[in-house]
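In what follows, a structure is listed as structure tokens, so that the remarks can point back to it.
Numbering (this note's numbering), first residue to last: 569 to 876.
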């Protein structure tokens, strides 16, 4: 079992110890953008850390164990512990910390189970025939995270959740397009739909050996363009949020769009160099979010204040 996962499963003697663990984990593990920025409201930061620790641990169980049968067993145990949390029984760091978050915000169990389901699927599904199948995977691997953020922010209505799904699915797809070659080399996974590989005459061997052809560039342009549309659709959520959480959600969306821009700037070559966000670009995105929160405070009382 990976050391970080073993630590997550270790018994804790107090809530303070559990919460310290989730804070440490959150601030030392992140992808394109830190999960906890200065724009997360102070009263929600510990809850964000607790939810992130659950997501990170489940993801590591799926990807870092190195044996699919064993990973499947660990994920089944993790699912059982999730059910135990909702039965009021917690002993480990992740679940002891998460219990308070679940209770404070009345979060249902389904988003957590959906996440585990996606990581279980990773153990036996390595190829996807259609884009709809990839989106269904994203529905469980990414969309629950946005819904959890909305629950913690006081929003429970389906309309906001569906708009959040747009951004979360797009974020997951952007990450797939970043890691096309790494996924096949390290985990034998391809998230580009098989129907698209055939349409653009790109082979798995091309990807495995890092062969950049015009066909591959056209394939990635196609994936980036439809992912961009999802990010655009997701922006409709922002006016429906209060000024406290809006900048953080904007940061997630704009950060994901920046990944697509980085791919474009590399002329759609994601095989020989992984697209990354520079520190300067991250700083500009943070500044833009700061402008958003400053502007939002001048317009308190709009539709974003309505919660359902």
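Even for Gly, the Cβ is constructed at its ideal location relative to N, Cα and C.
Proximity of residue i and residue j at Cβ, strictly below 7 Å
i           : j           : result
residue 718 : residue 626 : no
residue 576 : residue 667 : no
residue 738 : residue 709 : no
residue 632 : residue 614 : no
residue 724 : residue 808 : no
residue 751 : residue 757 : yes
residue 882 : residue 649 : Absent from the structure is residue 882, since the part of the chain shown begins at 569 and ends at 876.
residue 621 : residue 590 : yes
residue 805 : residue 731 : yes
residue 608 : residue 816 : yes
residue 767 : residue 836 : no
Residue i burial status per 10 Å Cβ neighbour count (16 or more: buried)
i           : result
residue 814 : buried
residue 712 : buried
residue 821 : buried
residue 581 : exposed
Residue i versus residue j: straight-line alpha-carbon distance, rounded
i           : j           : result
residue 557 : residue 703 : Summary: the structure shown does not reach residue 557, with the chain confined to residues 569 through 876, and so no result is reported for it.
residue 618 : residue 794 : 32 Å
residue 810 : residue 829 : 28 Å
residue 823 : residue 636 : 32 Å
residue 716 : residue 675 : 7 Å
residue 721 : residue 781 : 45 Å
residue 681 : residue 664 : 17 Å
residue 669 : residue 579 : 19 Å
residue 583 : residue 593 : 15 Å
residue 745 : residue 792 : 8 Å
residue 825 : residue 796 : 7 Å
residue 600 : residue 844 : With a pLDDT of 41 at residue 600, under the threshold of 50, the predicted position of this residue should be treated as unreliable, though the coordinate-derived value follows. Those two C-alpha atoms are separated by around 7 Å.
residue 783 : residue 678 : 40 Å
residue 638 : residue 694 : 17 Å
residue 800 : residue 818 : 11 Å
residue 714 : residue 812 : 16 Å
residue 691 : residue 645 : 15 Å
residue 770 : residue 753 : 16 Å
Alpha helix (DSSP H) segment containing residue i, residue limits
i           : result
residue 720 : 711-720
residue 797 : 782-802
residue 616 : 613-631
residue 643 : 636-654
residue 662 : 661-673
residue 684 : 678-689
residue 752 : 748-755
residue 826 : 814-833
residue 595 : 583-596
CA nearest to the CA of residue i, picked from the options
i           : options            : result
residue 779 : 578, 698, 669, 839 : 839
residue 571 : 611, 629, 843      : 629
residue 689 : 736, 622, 759      : 759
residue 624 : 825, 843, 643, 812 : 643
residue 798 : 791, 755, 734, 767 : 734
residue 777 : 748, 677, 786, 762 : 748
residue 803 : 706, 772, 736      : 736
residue 842 : 610, 743, 790      : 743
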